[in-house]
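Residue numbers (UniProt numbering): 1 to 147.
Even glycine gets a Cβ: it sits at the ideal position worked out from N, Cα and C.
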Amino acid sequence: MSIDDDVALLERVPTLRLLGDASLRMLAIGSEQRDFVRGDVLFNLGDDADAGFVVQRGAFRVEDGAGAEMIAGPGALIGELALVVPMKRPSSAIALEHSSVIRVARSLFQRVLESDPAAAVRLRDEFAVRASQIASDILMAGAKLTS
1 MSIDDDVALL
11 ERVPTLRLLG
21 DASLRMLAIG
31 SEQRDFVRGD
41 VLFNLGDDAD
51 AGFVVQRGAF
61 RVEDGAGAEM
71 IAGPGALIGE
81 LALVVPMKRP
91 SSAIALEHSS
101 VIRVARSLFQ
111 RVLESDPAAA
121 VRLRDEFAVR
131 ASQIASDILM
141 AGAKLTS
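Listed below in structure tokens is the structure:
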């Protein structure tokens, strides 16, 4: 795939779209593509997380330690929080078929944000809205459980 193809794919990811064209181009140029065959492990539960992955083609089963799972296909960002904070992987991801991803290292992502403060502010605001929604959802669930 070309850099322009990678930029177009990154634009499909809602979180990354907030960064704007110049930052997406920097991410596309600085990231790396990885290929997987069916059954290959992208990462395991508990691994150190230092990157996020955007699925280019194929699909991955992402499963947490409690057995909850989802399927991530083209345009999905796997490991979003690893782009902004050091952490352990809260899930495992395994290729369901021949698949490829764009690996975006946290160090690259942080350099892009440092070079584009306006993009960093947009991303911070998006995370704040999400955190507020999660807090609201938890309060609503708690109210239902106690009534």
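Spatial neighbours of glutamate 97 in its own chain (CB-CB distance under 7 Å, excluding positions within 5 residues in sequence) are listed in chain order as Arg38, Gly58, Ala59. Setting aside the 5 residues that flank it on each side, arginine 17 is surrounded in the same chain by Glu11, each with a C-beta closer than 6 Å to its C-beta; the list follows chain order. Cβ-Cβ separation between serine 31 and isoleucine 102: approximately 5 Å, consistent with a contact (criterion under 8 Å). Contact check for phenylalanine 109 and leucine 83: beta-carbon distance about 4 Å, within the 8 Å limit, so the pair qualifies. Shown here, aspartate 50 sits in coil according to DSSP, grouped into three states, outside any helix or strand. Burial state of isoleucine 94 is buried, judged by a 10 Å Cβ sphere holding 16 or more other Cβ atoms. When the five nearest sequence neighbours on each side are left out, the beta carbons in the same chain lying within less than 6 Å of the beta carbon of glycine 20 are those of Ala119, in order along the chain. In terms of Cα proximity to arginine 34, the closest of Met26, Gln56, Ser23, Leu24 is Gln56. In the structure shown, glutamate 126 adopts helical secondary structure according to DSSP, grouped into three states.
Short of 8 Å from the beta carbon of aspartate 47, and not among the five residues preceding or following it, lie these beta carbons of its own chain, in chain order: Lys88, Arg89. Of the residues Asp50, Ala135, Phe43, Gly75, the one whose Cα lies closest to the Cα of valine 62 is Phe43. Runs of alpha helix (DSSP H) with 4 or more residues, each lying fully within the UniProt domain "Cyclic nucleotide-binding" (15-130), are found at 21-30, 106-115, listed in chain order.
Where valine 7 is concerned, the enclosing alpha helix (DSSP H) starts and stops at 3-11. Non-local beta-carbon contacts of alanine 105 in its own chain, meaning distances under 6 Å to residues more than five positions away in sequence, involve Ala51 in chain order.
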